[in-house]
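Participant:
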Amino acid sequence: MPDPRRTSKKESLNLRRTPQQRRAQVRKQAILDITARLLEEVGIDNLTTLMIADELKISVGSLYHYFPNKHAILNRLGTTWLDEMTTALAAIERMNVEQMELTEFVDEIIDQLVVVYRNQRALLPLAQALCAIPELRHLDAEHDDLIISKMISLFLRLGFRATENELNRLGRAFLELSHVLLIVVVEQRPRRSERTCADLKLMVLTLLRSHQDDDPHTTQAVEAP
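With the first letter of the sequence shown counted as 1, position 213 gets the number 1505 in this note's numbering; the numbers rise by one all the way through.
#1: Please state whether DSSP places Met1387 in a helix, a strand or coil.
#2: Report all residues from its chain with a CB closer than 8 Å to the CB of Glu1332; omit the five preceding and five following residues, and keep chain order.
#3: Given that a residue counts as buried once 16 or more other Cβ atoms are within 10 Å of its Cβ, and exposed if not, what is Lys1442?
#4: Could you say which of Glu1479, Val1407, Val1318, Tyr1356 lies nearest to Thr1378 if we only look at CA atoms?
#5: Could you round the C-beta distance between Asn1367 and Leu1428 to whole angstroms and report it? I think they count as a contact, below 8 Å.
#6: Throw me the rounded Cβ distance for the Leu1450 and Phe1397 pair, which I believe falls under 8 Å.
#7: Between Ser1351 and chain D, is the shortest Cβ-Cβ distance under 7 Å, so that the two count as touching?
#8: Taking just the CA atoms, how far does Val1496 sit from Ile1336?
#9: For Thr1341, is the classification buried or exposed, using 16 other Cβ atoms within 10 angstroms of its Cβ as the cut-off for buried?
#10: Take every Cβ of the stretch 1374-1390, pair it with every Cβ of the stretch 1399-1406, and state whether three or more of those distances are shorter than 8 Å.
#11: Do you know offhand how far Cys1489's Cα is from Leu1474's?
#12: Looking at Leu1467: is its Cβ nearer than 7 Å to the Cβ of Ile1425?
#13: Where Val1476 and Lys1493 are concerned, what is the direct C-alpha to C-alpha distance, given to the nearest angstrom?
#14: Drop a sphere of 10 angstroms on the beta-carbon of Ser1354, count the other beta-carbons inside from all chains shown, and report buried for 16 or more, exposed for fewer.
#15: Using only the alpha-carbon positions, how far apart do Leu1446 and Leu1394 sit?
#16: Report buried or exposed for Ala1316, applying the criterion of at least 16 other Cβ atoms within 10 angstroms of its Cβ.
#17: Work out the CA separation of Gln1313 and Ala1364 for me, nearest whole Å.
#18: Under a Cβ-count criterion, where at least 16 other Cβ atoms within 10 Å of its own Cβ denotes burial, should His1435 be classed as buried or exposed?
#19: In the DSSP assignment, the alpha helix (DSSP H) including Glu1458 goes from what residue to what residue?
#20: Applying the criterion that 16 or more other CB atoms from any shown protein chain within 10 Å of the CB defines a buried residue, is Thr1299 buried or exposed?
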């Protein structure tokens, strides 16, 4: 039979650790939120850990207890965005894509991506940081690979018959087109944003329709990426 005194002591330690862990998570999230806001206000070049610490009213040493440097904070922001993108695409994959008209598919995927882009504060400077900072470029590459690979899979389910290289090219075209305009969409006022989103859907639909019936024999010459 376990010693009740030892059990009580163990439970007491667990109770004391849980609030500490919760406080740590709250503090980490506060750091991320403050960093995103400052990133919008001052940009990546002027953002410093001292500035973040001052906003939180903590010392830089306390900030480093959670993140060792500015790039580590940006890395977490970028990872969160990538996770949300993965979740959104997984939701599309669970749909009965094979039975969708192309118009419905485009509406669904763009609407899902708009939500992800709207949820990420300071998206434009964060996206620029992922491209410009060597320590963060792996996230930019992972984002591109995620979108392209998922789009290839979805194209096949929609009945596209082009070669893998050609589907890869279409996936990248979708990535570049949607990424640029979705950043614009989330920065605009509601009515203008709505119209730009509608234009994006039309451009994506036109692109995909023009290649939906491509013959694999006619696309064999498309070079590998």
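Ideal Cβ placement from N, Cα and C applies to all residues, glycine included.
Facilitator: For this structure:
#1: coil
#2: Arg1413, Ala1414, Pro1417
#3: buried
#4: Val1407
#5: 6 Å
#6: 6 Å
#7: The chain inventory of the structure shown lacks chain D, comprising one protein chain alone.
#8: 31 Å
#9: buried
#10: yes
#11: 7 Å
#12: no
#13: 14 Å
#14: exposed
#15: 11 Å
#16: exposed
#17: 20 Å
#18: buried
#19: 1456-1479
#20: With a pLDDT of 45 at Thr1299, under the threshold of 50, the modelled position of that residue is not reliable, and no figure is offered here.
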